[in-house]
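Some notes on the structure that comes next.
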Amino acid sequence: MATETTTILEAPEFNPSLRPSSNRPYSYAEAFIPALTTQCHASNLLHLPNGDILCAWFGGSIEGRPDICIYMSRLPAGEKVWTDAVKMTHDHTRSEQNPLLFRNPSNGEVRLLYTSQNAGNQDSAIVKQLISGDDGANWSEPTVLFSDAGTFIRQPMIVLQDSSWVIPIFKCRAEPGTRWLGSDDISCIRISKDEGKTWTEREIPNSYGCVHMNIQRLKNGTYLGLYRSRWADHVYLSTSPDGLDWTEPKPTVLPNPNAGICFDVLPSGRVVLIYNHSSKEDALGRRDGLYDDISDGTDTRANQATKHGKEAFWGAPRAPLCVAWSDDGGATWKRKTLEEGDGYCLTNDSEKKRNRELSYPSILAEKNGTIHVAFTFWRQRIKYMQLGEDFFV
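Structural data, given as structure tokens:
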């Protein structure tokens, strides 16, 4: 259980070289991806056909400030050291966050999508993109992909069996004159049948409070969706026969502290989820002002009224970081702890090094059984791990 404290703990050595650990009872190696900024958060991984791994994240001083931009690093195939971070976006009038990477299977283009918002107001967010035709060596100028305010992304785009592109989004909504706090957020999918030129939208039924929808195809050909919960209670789950028509999200047995999750499906069909095994039941404090760290005291909007009988909960500990796996499509789960910590996140303040969350994972599963994981370590670095298939023994 997290304690409400401002204790500053000493960070480990942020070594960018991939190295094994002798105190793990399974195949394992780790590295801290190089950074150029005080804060690092919300990483996303992409495995390229040549074996390289790209990692994108957002960095700056504090989330919501206009110096928050997107950064990227690469682990070249066969190498053990992540390359120096490269700044990818340069709009210093807005906070640019939540990058995700996608490779077009038809022509090899790599897309970097990300949100762009005014300060801490997620209901002002739009989605932009950069495109690379050479596996991320060179990039286009940014363009706006989704211009409707309040559109947020976090999880990767997928390609359905009929070649349609589907990207899960969530809508950050607030009534006029109120502050966005997340209590009225919903999930949708946007669908393109012409490789991103035009898009249609479908809302996930009764998805209030279920965000960060992560979609993967199961071995039986159906689709599974898992969600973060604004209510800080559980990971939620829905299913679809085709990736387009979805059931209403329902809670799983796994807890969630209103923090990011990510899953992939192994060649065996096993579903592997990275998540925080905690919830509001573990919280000793609560953040009612979500962006107090960057507030200048001039925002006169009232807090958003509670809707649907529930209110978004912020401040539950974002730790421990765990791996859960299911061999029956999410009906039952087993788990192991991947990284221990108290998960203190009653502040986003990285300048004073007070945040200790282990959060916002990204996961990639290779055909050979290797699992790649990246996550936020205390908002000071992105930590990268490689797990062997013997992890599940």
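Take the sequence shown: its position 33, counted from the start at 1, is 33 in UniProt numbering, and no numbers get skipped.
Beta carbons: idealized from backbone N, C-alpha and C, even for Gly.
- Taking Lys336 as reference, the option from Ala31, Glu10, Pro12, Arg24 with the minimal CA-CA separation is Arg24.
- For the options Phe313, Gly388, Gly225, Asp52, the alpha carbon positioned closest to that of Pro257 is the one of Phe313.
- The three-state secondary structure of Phe392, taken from DSSP, is helix.
- Taking 9 Å as the cut-off, the beta carbon of Leu18 is found closer than this to the beta carbon of Gln386.
- Here Pro320 has Asn276, His277, Ser278, Thr337, Leu338, Glu339, Glu340, Gly341, Gly343, Leu358 as same chain residues with Cβ atoms under 8 Å from its own Cβ, once five neighbours each way along the sequence are excluded.
- Note on Arg154: 16 or more other CB atoms within 10 angstroms of its CB, so buried under the neighbour-count rule.
- Spanning the alpha carbons of Gly136 and Phe58 requires a straight line of approximately 17 Å.
- Secondary structure in the stretch 93 to 138: the beta strand (DSSP E) runs of 3 residues or longer, each lying completely within the stretch, are 95 to 103, 110 to 118, 121 to 132 in chain order.
- Looking from the CA of Thr252, the closest CA among Ile131, Asp233, Ser268, Trp246 belongs to Asp233.
- The residue among Thr143, Gln161, Glu63 with its C-alpha nearest the C-alpha of Thr347 is Glu63.
- Spatial neighbours of Ile363 in its own chain (CB-CB distance under 6 Å, excluding positions within 5 residues in sequence) are listed in chain order as Cys262, Asp264, Ile274, Val373.
- In this structure Pro105 is exposed. Its beta-carbon is surrounded by fewer than 16 other beta-carbon atoms within 10 angstroms.
- The C-alpha of Ser43 lies about 22 Å from the C-alpha of Ser21.
- Counted as a single uninterrupted DSSP element, the beta strand (DSSP E) harbouring Gly60 occupies residues 53 to 60.
- Secondary structure of Lys334 (DSSP, three-state): strand.
- With a contact defined as Cβ atoms closer than 8 Å, Val166 and Leu224 miss out at about 13 Å.
- Under the DSSP assignment, Val81 falls outside any beta strand (DSSP E); it carries neither an H nor an E label.
- With fewer than 16 other CB atoms across the displayed protein chains lying within 10 angstroms of its CB, Leu9 is exposed.
- Nearest C-alpha to Pro12 among Phe32, Tyr26, Ser27: Phe32.
- Close CB contacts of Asn15 within its chain, under the 7 Å cut and outside five residues either way in sequence, are with Ala31, Phe32 (chain order).
- Taking the C-beta atoms as reference points, Leu112 is found no nearer than 9 Å to Gln97.
- Under the rule that a run must span 3 or more residues, the beta strand (DSSP E) segments found entirely inside the stretch 168 to 215 read 186 to 192, 200 to 203.
- DSSP places Pro361 inside the beta strand (DSSP E), whose first and last residues are 358 to 365.
- Shown here, Lys280 sits in a helix according to DSSP, grouped into three states.
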